[in-house]
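Presented below is the structure to which this report refers.
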Amino acid sequence: MSHNDTIVAQATPPGRGGVGILRISGLKARDVAQAVLGKLPKPRYADYLPFNDVDGTPLDQGIALWFPGPNSFTGEDVLELQGHGGPVILDLLLKRILTLPGLRIARPGEFSERAFLNDKLDLAQAEAIADLIDASSEQAARSALNSLQGAFSARVNHLVEALTHLRIYVEAAIDFPDEEIDFLSDGKIEAPAERGDGRSRRRPR
Numbered sequence: 001m002s003h004n005d006t007i008v009a010q011a012t013p014p015g016r017g018g019v020g021i022l023r024i025s026g027l028k029a030r031d032v033a034q035a036v037l038g039k040l041p042k043p044r045y046a047d048y049l050p051f052n053d054v055d056g057t058p059l060d061q062g063i064a065l066w067f068p069g070p071n072s073f074t075g076e077d078v079l080e081l082q083g084h085g086g087p088v089i090l091d092l093l094l095k096r097i098l099t100l101p102g103l104r105i106a107r108p109g110e111f112s113e114r115a116f117l118n119d120k121l122d123l124a125q126a127e128a129i130a131d132l133i134d135a136s137s138e139q140a141a142r143s144a145l146n147s148l149q150g151a152f153s154a155r156v157n158h159l160v161e162a163l164t165h166l167r168i169y170v171e172a173a174i175d176f177p178d179e180e181i182d183f184l185s186d187g188k189i190e191a192p193a194e195r196g197d198g199r200s201r202r203r204p205r
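Spelled out as structure tokens, the structure:
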């Protein structure tokens, strides 16, 4: 499937609830806003509006949030419609949105995938979203949240930096064996290695 498509999906769990959220991401999100809301909401402001059917009759009413790209979760234009959480209402609204050309149902995890592809998340952060959702304990949830906030990625990046320095020193020692400075015995290799190893062993808590 093309990542140029505009995708839509229910962002809240299926079933009855007080609030139901539909999320739209892609170039056609602007068209959805115009068709369903009758206007484009002010960026990053909650706007209370009717959600209209094809003939203009209201299907529901609720809060619309507009996040123009690249300043959004996915890096694309994103529209969120927060209405009532009844399955029938959400299904009618979803069908209404899918009558517009160029839209399709999102695959599982596709919003996070697009955020990753658009450099809004790195791979560890994208995976941490699923870990946070599936967490079965407080410790697991806190660990996943730390990873989502970049703690794990920062440790990995530090380790990569340390290994890069190690490679430079080792290559210099091999290429210049007759130099007076001994790169292998002056502590320049051990220190970065120990710092990187120590940080890599500490798990986010």
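With full-length UniProt numbering, the residue at position 122 of the sequence shown is 122, and numbering never jumps.
Backbone N, C-alpha and C define an ideal beta-carbon position, used for all residues, glycine too.
Neighbourhood of residue i by C-beta, 7 Å cutoff - its chain only, sequence neighbours within 5 removed
i: V54; result: R96, T99
i: N52; result: V36, G38, P58, L59
Local conformation of residue i per DSSP, three classes
i: Y48; result: strand
i: F73; result: coil
i: P87; result: helix
i: R104; result: strand
i: R30; result: helix
i: V54; result: coil
i: S112; result: helix
i: S200; result: Since pLDDT at S200 reaches only 48, below the 50 mark, its modelled position is unreliable, and no value is offered.
i: Q25; result: In the sequence under discussion, the amino acid at residue 25 is Ser, which differs from the Gln named in the question. Note: S25 maps to strand in three-state DSSP.
i: L59; result: strand
i: A140; result: helix
i: T164; result: helix
i: V19; result: coil
i: A135; result: coil
For residue i, the nearest candidate out of the options (CA to CA)
i: R104; options: A29, I21, V19, G20; result: A29
i: G85; options: P70, L65, L59, L121; result: L59
i: N71; options: A126, L90, D119; result: D119
i: R22; options: P68, P87, L159, L117; result: Reading off the sequence shown, one finds Leu at residue 22, where the question assumed Arg. Measuring from the Cα of L22, the nearest candidate turns out to be P87.
i: A124; options: E171, E138, S143; result: S143
Contact check, residue i vs residue j, beta carbons under 8 Å
i: G83; j: G56; result: no
i: A115; j: T74; result: yes
i: V8; j: A106; result: yes
i: Q10; j: L94; result: yes
i: P43; j: A64; result: no
i: G20; j: L90; result: yes
Close beta carbons around residue i, own chain, < 6 Å, minus the five adjacent residues each side
i: I24; result: V8, V32, L79
i: L121; result: A115
Notebook entry, point to check: Using 8 Å as the threshold, is the segment 2 to 16 in touch with the segment 44 to 51, meaning 3 or more CB pairs across them?
Noted result: Output reads no: the segment 44 to 51 does not touch the segment 2 to 16.
Notebook entry, point to check: Is the segment 106 to 121 close to the segment 71 to 82, with three or more CB pairs under 8 Å?
Noted result: Touching, per the Cβ criterion.
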